[in-house]
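Visitor:
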Amino acid sequence: MRAVPSGTARTAGDRNSLAVGSDILRGTVRATETSRPRSTSTFRSGLVWNLASLGFLALAGLALNIVIGRVYGAVQLGNFNICFAFFIVVSQIGSFGLHLSALQAVAEHWDSDSRLASSAIREAFLACLITTSIGTALWFALLPIASRFYGDSDFAISWALLAPGLFLYSLNKVLLNIVNGANHMRAFALLQGLRYALILTFVGVALAQSWPGARLTLILSLAELLLFVPLAAYVWSILPARIAPSPIMRRRHFSFGWRSCWSGAVIELNTRVDVLVLGAMIGAEAAGIYT
Numbered sequence: 000m001r002a003v004p005s006g007t008a009r010t011a012g013d014r015n016s017l018a019v020g021s022d023i024l025r026g027t028v029r030a031t032e033t034s035r036p037r038s039t040s041t042f043r044s045g046l047v048w049n050l051a052s053l054g055f056l057a058l059a060g061l062a063l064n065i066v067i068g069r070v071y072g073a074v075q076l077g078n079f080n081i082c083f084a085f086f087i088v089v090s091q092i093g094s095f096g097l098h099l100s101a102l103q104a105v106a107e108h109w110d111s112d113s114r115l116a117s118s119a120i121r122e123a124f125l126a127c128l129i130t131t132s133i134g135t136a137l138w139f140a141l142l143p144i145a146s147r148f149y150g151d152s153d154f155a156i157s158w159a160l161l162a163p164g165l166f167l168y169s170l171n172k173v174l175l176n177i178v179n180g181a182n183h184m185r186a187f188a189l190l191q192g193l194r195y196a197l198i199l200t201f202v203g204v205a206l207a208q209s210w211p212g213a214r215l216t217l218i219l220s221l222a223e224l225l226l227f228v229p230l231a232a233y234v235w236s237i238l239p240a241r242i243a244p245s246p247i248m249r250r251r252h253f254s255f256g257w258r259s260c261w262s263g264a265v266i267e268l269n270t271r272v273d274v275l276v277l278g279a280m281i282g283a284e285a286a287g288i289y290t
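Residue numbers (numbering that gives the first Met the number 0): 0 to 290.
1. Do Arg194 and Leu226 have their C-beta atoms closer together than 8 Å?
2. Cα-Cα, which of Phe148, Ser118, Leu125 is closest to Leu275?
3. In three-state terms, what does DSSP make of Ile92?
4. Which of the three DSSP states, helix, strand or coil, is assigned to Arg241?
5. Leu161 and Thr216: beta carbons closer than 8 Å?
6. Please report the straight-line C-alpha distance between Leu125 and Gln208, rounded to a whole angstrom.
7. Nearest to Ala279 by alpha carbon, out of Ala264, Leu174, Gly212, Asp151?
8. Would you mind reading off the limits of the alpha helix (DSSP H) that contains Asn269?
9. So the alpha helix (DSSP H) Trp109 belongs to, where does it begin and stop?
10. Looking only at its own chain, which residues have a Cβ that is under 6 Å from the Cβ of Gly212, when we skip the five neighbours before and after it?
11. Using the Cα positions of Glu267 and Arg114, report the straight-line distance between them to the nearest angstrom.
12. Does the count of Cβ pairs from the region 86-100 and the region 125-144 closer than 8 Å reach three?
13. In whole angstroms, what is the alpha-carbon distance linking Ala186 and Ile281?
14. Once the 5 residues before and after Ala264 are set aside, which same chain residues still bring their CB inside 7 Å of it?
15. Using only alpha-carbon positions, find the residue among Gly60, Leu61, Glu122, Ala51 that is nearest to Ile242.
16. CA-CA distance, Tyr289 and Asp153?
17. Mind checking whether Leu174 and Ala155 have CB atoms under 8 Å apart?
18. Would you please state the rounded distance, in angstroms, between the beta carbons of Ala106 and Gly180? I believe it to be under 8 Å.
19. From Val234, Arg251, Ile198, Gly60, pick the residue whose C-alpha is nearest to that of Ile223; which is it?
20. Would Ser157 be called buried (16 or more neighbouring beta carbons within 10 Å of its own) or exposed?
21. Trp158 lies in the alpha helix (DSSP H); which residues open and close that run?
22. Under a Cβ-count criterion, where at least 16 other Cβ atoms within 10 Å of its own Cβ denotes burial, should Val234 be classed as buried or exposed?
23. Flag this pair as yes or no: are the beta carbons of Ser117 and Leu238 separated by less than 8 Å?
24. What is the residue span of the alpha helix (DSSP H) that Ser220 lies within?
25. So Ala202 packs on Val66, CB below 8 Å; how close in whole Å?
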């Protein structure tokens, strides 16, 4: 009997290995091709939800201005929008850019390191508790100055009723960006839309109960309060790992926030300076008619 050369045996073994490898490769490709449409479908679904939320935001803002202007008049609409303009600008200091830092850090570590992602969430929230407290204190400190330009008793009441909303608004911005960074796009859209649904709901309550015009800014504070509860609960439910303190992450958040905060405040001021100048130079009624 003639012996089979050893090289031939190795060649057959190599062929078997290649066949097995090819099966594995084909299986991997099939799995990738199967999962790709699902991932694309999820992204498209999240995009549609966020576009719908953005559209609802625009309609809610328009409806808010129309209802206040028609029912309460130009003066109260002007006071409301002047207070809201200051609210948005000062909130940039309250959030201190931490919402953007949270978005970046959570998105970076969510899939790769769950412990770092949890630490980023913890440190961003705790840091924002400090900065939003400073922002709220600044809000009260600015009242005497603002009252000289826009001052009447209604304006001071509207200003004061916005303080709780300012404190919570910055926290909610951080929490919303955590949800966004975790790529929970549908939840992000729904929670963002909830804010404006609550605002419209409280507008209805104000009309039904005949609130005085000076109390209308309370609508924003109540909306932020009721948004905070489900938003904080949702973020707690999606925490990817046990929370641990991280001084390095805390310093990173403050460093990121310091570099982004001031540009955000200037941009917001630039988009609302027309309302502020009109209100200061001509009066709240002119600002109300303009808006």
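Backbone N, C-alpha and C define an ideal beta-carbon position, used for all residues, glycine too.
Guide: Put simply:
1. For this step, residue 194 is matched to residue 195 along the sequence shown. For this step, residue 226 is matched to residue 227 along the sequence shown. Result yes, Cβ atoms of Arg194 and Leu226 sit closer than 8 Å.
2. To locate residue 275, count along the sequence shown from 1; it is residue 276. Considering only alpha carbons, the answer is Phe148.
3. Counting from one through the sequence shown, the residue named residue 92 turns up at place 93. Helix.
4. Indexing the sequence shown from 1 puts residue 241 at position 242. Three-state DSSP puts Arg241 in coil, outside helix and strand.
5. Locating residue 161 in the sequence shown gives position 162, where the first residue counts as 1. Locating residue 216 in the sequence shown gives position 217, where the first residue counts as 1. Yes, these two residues count as a Cβ contact at 8 Å.
6. Counting from one through the sequence shown, the residue named residue 125 turns up at place 126. Counting from one through the sequence shown, the residue named residue 208 turns up at place 209. Spanning the two alpha carbons is a distance of roughly 37 Å.
7. For the purposes of this step, residue 279 is identified with residue 280 of the sequence shown, where counting begins at 1. With distances taken between Cα atoms, Ala279 lies closest to Asp151.
8. Taking the first residue of the sequence shown as 1, we reach residue 269 at position 270. That run of the alpha helix (DSSP H) goes 246-280.
9. Position 110 of the sequence shown, counting from 1, holds the residue named residue 109. Element bounds for Trp109: n/a, residue is neither H nor E.
10. Your numbering for residue 212 matches position 213 in the sequence shown. So the qualifying residues of the chain are Tyr71, Gln75.
11. Here residue 267 is taken as the residue at index 268 of the sequence shown, counted from 1. Here residue 114 is taken as the residue at index 115 of the sequence shown, counted from 1. Approximately 34 Å, taken between the alpha carbons.
12. yes
13. If you number the sequence shown from 1, residue 186 lands on position 187. If you number the sequence shown from 1, residue 281 lands on position 282. Their backbone Cα atoms lie some 43 Å apart in a straight line.
14. Here residue 264 refers to the residue found at position 265 of the sequence shown. Closer than 7 Å at Cβ, skipping near neighbours: Val88, Gln91, Ile92.
15. As a first step, residue 242 is located in the sequence shown; it is residue number 243 there, counting from the start. It is Glu122.
16. Here residue 289 corresponds to residue number 290 of the sequence shown, with the count starting at 1. Here residue 153 corresponds to residue number 154 of the sequence shown, with the count starting at 1. Each residue's Cα considered, the two are about 20 Å apart.
17. Within the sequence shown, residue 174 is the residue found at index 175, counting from 1. Within the sequence shown, residue 155 is the residue found at index 156, counting from 1. No, they are not a contact pair.
18. Counting from 1 along the sequence shown, the entry for residue 106 is found at position 107. Counting from 1 along the sequence shown, the entry for residue 180 is found at position 181. Their Cβ separation, rounded to whole angstroms, is 4 Å, which keeps Ala106 and Gly180 in contact under 8 Å.
19. Here the question's residue 223 lines up with position 224 in the sequence shown. Note that residue 223 is Glu in the sequence shown, not Ile. Ranking the options by Cα distance to Glu223, first place goes to Ile198.
20. Locating residue 157 in the sequence shown gives position 158, counting from the first residue. Its Cβ being crowded by 16 or more others within 10 Å, Ser157 is buried.
21. To locate residue 158, count along the sequence shown from 1; it is residue 159. Start and end: 152-160.
22. Walking along the sequence shown from the start, residue 234 turns up at place 235. That one is buried.
23. As a position in the sequence shown, residue 117 is number 118, starting the count at 1. As a position in the sequence shown, residue 238 is number 239, starting the count at 1. Yes, these two residues count as a Cβ contact at 8 Å.
24. In the sequence shown, residue 220 corresponds to position 221, counting from 1. Residues 217-236.
25. Numbered from its first residue, the sequence shown carries residue 202 at position 203. Numbered from its first residue, the sequence shown carries residue 66 at position 67. Rather than Ala, the amino acid found at residue 202 in this sequence is Val. Contact flag correct, Cβ pair sits at about 6 Å.
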